[in-house]
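**Student:** With our numbering applied, the sequence shown closes on residue 494, and no number is skipped along the way.
Below are the C-alpha cells for one structure; questions will follow.
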Amino acid sequence: GATAGATATSSASSASLSPLRVDVGGSDGEASTPLAGAPEGKNANSEGDNDGGDGGGRAFAQGGGGGKLVLVRPNVVVDPAWEEIATEAKRSAPSHAQGGGGFNIGASFVANHRRKVAEMAQKDRLRKEGDIVGADEYEIPTEDKVVLLVSSSLNDKHSLPGHVYRSLVVEYLSRSKRRRDEVAKNPTDKGDRIREPLLALAGDGRDAADRPGGENCPTRAGRRDAHGVIKHVTTALLEVRPGFASSPRLAERTAAAVEALVFGEIYKDVFGEIAEECRDADEKLLKKIGTFEAEAQRQADRRRRDCATDNAAAVSAGDARDESDGPFDETRADDNDNDNDTNDGDDDRDVVAPSTVRGEDISVGALESLLRLPEATAPADKLALCVQFLECVSVHFSSPPGGGKASAAGADNLLKMVCEHVLVAKVPRLNAELTFLEEFARDEQLLRGREGYALVTLQAALHYLNASDDLERDIFRHCG
Numbered sequence: 015g016a017t018a019g020a021t022a023t024s025s026a027s028s029a030s031l032s033p034l035r036v037d038v039g040g041s042d043g044e045a046s047t048p049l050a051g052a053p054e055g056k057n058a059n060s061e062g063d064n065d066g067g068d069g070g071g072r073a074f075a076q077g078g079g080g081g082k083l084v085l086v087r088p089n090v091v092v093d094p095a096w097e098e099i100a101t102e103a104k105r106s107a108p109s110h111a112q113g114g115g116g117f118n119i120g121a122s123f124v125a126n127h128r129r130k131v132a133e134m135a136q137k138d139r140l141r142k143e144g145d146i147v148g149a150d151e152y153e154i155p156t157e158d159k160v161v162l163l164v165s166s167s168l169n170d171k172h173s174l175p176g177h178v179y180r181s182l183v184v185e186y187l188s189r190s191k192r193r194r195d196e197v198a199k200n201p202t203d204k205g206d207r208i209r210e211p212l213l214a215l216a217g218d219g220r221d222a223a224d225r226p227g228g229e230n231c232p233t234r235a236g237r238r239d240a241h242g243v244i245k246h247v248t249t250a251l252l253e254v255r256p257g258f259a260s261s262p263r264l265a266e267r268t269a270a271a272v273e274a275l276v277f278g279e280i281y282k283d284v285f286g287e288i289a290e291e292c293r294d295a296d297e298k299l300l301k302k303i304g305t306f307e308a309e310a311q312r313q314a315d316r317r318r319r320d321c322a323t324d325n326a327a328a329v330s331a332g333d334a335r336d337e338s339d340g341p342f343d344e345t346r347a348d349d350n351d352n353d354n355d356t357n358d359g360d361d362d363r364d365v366v367a368p369s370t371v372r373g374e375d376i377s378v379g380a381l382e383s384l385l386r387l388p389e390a391t392a393p394a395d396k397l398a399l400c401v402q403f404l405e406c407v408s409v410h411f412s413s414p415p416g417g418g419k420a421s422a423a424g425a426d427n428l429l430k431m432v433c434e435h436v437l438v439a440k441v442p443r444l445n446a447e448l449t450f451l452e453e454f455a456r457d458e459q460l461l462r463g464r465e466g467y468a469l470v471t472l473q474a475a476l477h478y479l480n481a482s483d484d485l486e487r488d489i490f491r492h493c494g
C-alpha cells in the first residue's frame, strides 16, 4: 500500500552539488559591494555527507518514526575539463576585466578606448548597485537585491565574472551541439533509457557509475557539464565579489541567482537530456492514467444506463399496480425487492467500478502549481512550486468545501491525495521534472524542511503510481 514510511530512493542519475563549497581568494580588480541587512544563515549538513568521489552519497531524512521519508542522492563529480575551461576563460578575459587600470601608452588607441568604455560601464554599474543596496527592505527585499546584483555582474561583459559566464555558456552549447550531432550519426539504443528512475536500477549488475544514469554514462554528459558551468561561474563571481559569501544564507541566495541565469541559457538542453532518459517512464505513466480514466468513464456510462433502465422498469411497474383491482401489498413489494437484491449477486453489473476522483477532493491551487512545473526553469522555482502544491493539498484537506468536518492529514491520506492530483493534472513529463530536481536542488534547500519534504512526498507518490499495475486497487481501494 501507499505509506509515507516507504523510502523514496533516487536513481544513480540523482545528484547534489553545493557550488558554494569552494575556496575563494580576495578581490581581483573589482570593488566588492557589501549587501546591507543580509540575514545570517546556518550551514546545514546532510546525513552521510561526502564531498568527493563517485561512491559517496547524501541521505536526507524527513519526518520521524514510522513517517520518515528518505531521499538518497549520490554526490556529483564535476568533469575536470571544466577547471581547464574556466581557467582559460579567465586567461582570455580582456585586461581591464582582470583589474588592470590606467592609460597604457604602449597600447593601441582601440585597446585604450575599450578600456575607457569598460571603466565607464563599471562606474555606471557600481552606481546602480549602490542604489539597489541602499534601498529599504520594503522597497527591494534582500532576496531580490541578490538577484539584481548577481544579474548586474554576470550580464556585464566587461567584468571578469561576466566574461567567464559567457565563455562557459558558449562552451556548454558547443559541447551540447557536438553531442547531438554524434547521436544523430549513432542513435542511442532505446534500451539505455531508465524505465523507472526512482527504482535506481536495482537489478543492474554493472558498476553504478557505468549504468544508464551513472556518472560515466554518456547520456549524463549534459548534466555533468551543467554542474561544471554553475560551479565555475559561481567561483568566478565570488573571487571578485566575496561579499556574496558573507553569510551562508546570502551565499545560498547567490547560488540560486547564478543557477537561474545559467539555466536561462541551457535549460532546454539539460532538461531535454533528462526527458529522453525518462521518456519510457513518463509515457507508461500517461498511458496508465489514460486507461484508468477510460475504464472509469466506461463504468460510469454503464451505471447511468442501468439506472435509466431500472427507473423505466419502476415506472412501468407503478402503472401496472395502478390498473390492478386489488390494493397494493407493500409487504409483497418489499419481498419482491429483496428477491431482486438476492439475484443481483449473479449479475455482472455488480462488478465494482473504478472510483473516480471527486471534484471536491481536488484543490485548484494545487493543480495550478503542479501544471506550472514545466514552465519554471530554475531549480529553486520548481522547488517552490512543489512546496506550494503540497501546502495547497494540505490546506484543502484540512478545510473541506461546504464546511464539512476536517480530517487529520495522515501520511496515507496525504499520499493518496497527492496521487489523485497527479492523476488529474497529467503533467506530461513528471518523472523528468522530479529527476531534474533530484539532480540540481541543492542540499541547503532540501534541508530547510518544507522543500525536502515536498520533493520526497511527490517522489513517493510518483514511485507508487509508476509501480502500480492497477490504480483502482492500489490507490482508491487500498488507501481509501
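Ideal Cβ placement from N, Cα and C applies to all residues, glycine included.
1) Going by alpha carbons, who is nearest to residue 295 out of 485, 477, 273, 233?
2) How would you write the range of the alpha helix (DSSP H) that residue 487 sits in, first residue to last?
3) Check for me: the alpha helix (DSSP H) holding residue 460 runs from which residue to which?
4) Anyone know if the C-beta pair for residue 284 and residue 242 falls short of 8 Å?
5) In terms of residue numbering, what span does the alpha helix (DSSP H) encompassing residue 186 cover?
6) Please work out which residues of its chain come closer than 6 Å, Cβ to Cβ, to residue 381, disregarding the five sequence neighbours upstream and downstream, and give them in chain order.
7) Between residue 280 and residue 184, which are expected to be in contact by the criterion C-beta below 8 Å, what is the C-beta distance as a whole number of angstroms?
8) What residues in its chain sit with their C-beta under 8 Å from that of residue 388, if we drop five residues either side in the sequence?
9) Can you tell me where the alpha helix (DSSP H) with residue 480 in it begins and where it stops?
10) Can you have a look at residue 51 and say buried or exposed, based on whether 16 or more other CB atoms are within 10 angstroms of its CB?
11) Among the residues of its own chain, which have a CB less than 7 Å from the CB of residue 46, if the five just before and after it don't count?
12) Return helix, strand or coil for residue 394, following the three-state DSSP convention.
13) Buried or exposed: which applies to residue 274, given that a residue is buried once 16 or more other Cβ atoms fall within 10 Å of its Cβ?
14) Can you tell me the Cα-Cα spacing of residue 286 and residue 233, whole angstroms?
15) In this structure, how does DSSP classify residue 443 when only helix, strand and coil are distinguished?
16) CA-CA distance, residue 410 and residue 189?
17) Give a yes or no on whether the C-beta atoms belonging to residue 179 and residue 168 are separated by under 8 Å.
18) State the Cα-Cα distance for the pair residue 250 and residue 374, rounded to the nearest angstrom.
19) If we ignore side chains and look at the alpha-carbon of each, how far apart do residue 9 and residue 314 end up?
20) To the nearest angstrom, how far is it from the Cα of residue 270 to the Cα of residue 393?
21) Rounded to the nearest angstrom, what separates residue 312 and residue 303 at their Cα positions?
**Tutor:** To lay it out plainly:
1) By alpha-carbon distance to residue 295, the top candidate from 485, 477, 273, 233 is 477.
2) Per DSSP, residue 487 belongs to no alpha helix (DSSP H) and is neither H nor E.
3) Looking at the DSSP string, the run of the alpha helix (DSSP H) that includes residue 460 is 457-460.
4) Going by C-beta atoms, residue 284 is not nearer than 8 Å to residue 242.
5) Unbroken alpha helix (DSSP H) run through residue 186: 174-199.
6) Here residue 381 has 439 as same chain residues with Cβ atoms under 6 Å from its own Cβ, once five neighbours each way along the sequence are excluded.
7) Contact doesn't hold; Cβ gap of about 11 Å is too wide.
8) Shown here for residue 388: same chain residues with a beta carbon closer than 8 Å to its own, the five before and five after excluded, namely 441, 442, 443, 447 in chain order.
9) Residues 464-481.
10) Here the model assigns residue 51 a pLDDT of 31, short of 50, so the residue's position is not dependable and the matter cannot be decided.
11) Only weak support is given to the placement of residue 46: the predicted model assigns it a pLDDT of 37, under 50, and the value that follows is read from those uncertain coordinates. If we look at residue 46 and ignore the five residues flanking it on each side, its Cβ neighbours are 255, 256, 257.
12) If DSSP states are grouped into helix, strand and coil, residue 394 belongs with the helices.
13) Around the C-beta of residue 274, 16 or more other C-beta atoms lie within 10 Å, and the residue is accordingly described as buried.
14) Going by the C-alpha atoms only, they are around 11 Å apart.
15) Note: residue 443 maps to coil in three-state DSSP.
16) Using only the alpha carbons, I get a separation of about 46 Å.
17) When the beta-carbon positions are compared, residue 179 and residue 168 come within less than 8 Å of each other.
18) If you take the alpha carbons of residue 250 and residue 374, they lie about 52 Å apart.
19) The question about residue 9 has no answer here: the residues shown for the chain are numbered 15 through 494.
20) Rounded to whole angstroms, residue 270 and residue 393 show a C-alpha spacing of 8 Å.
21) Rounded to the nearest angstrom, the two C-alpha atoms are 14 Å apart.
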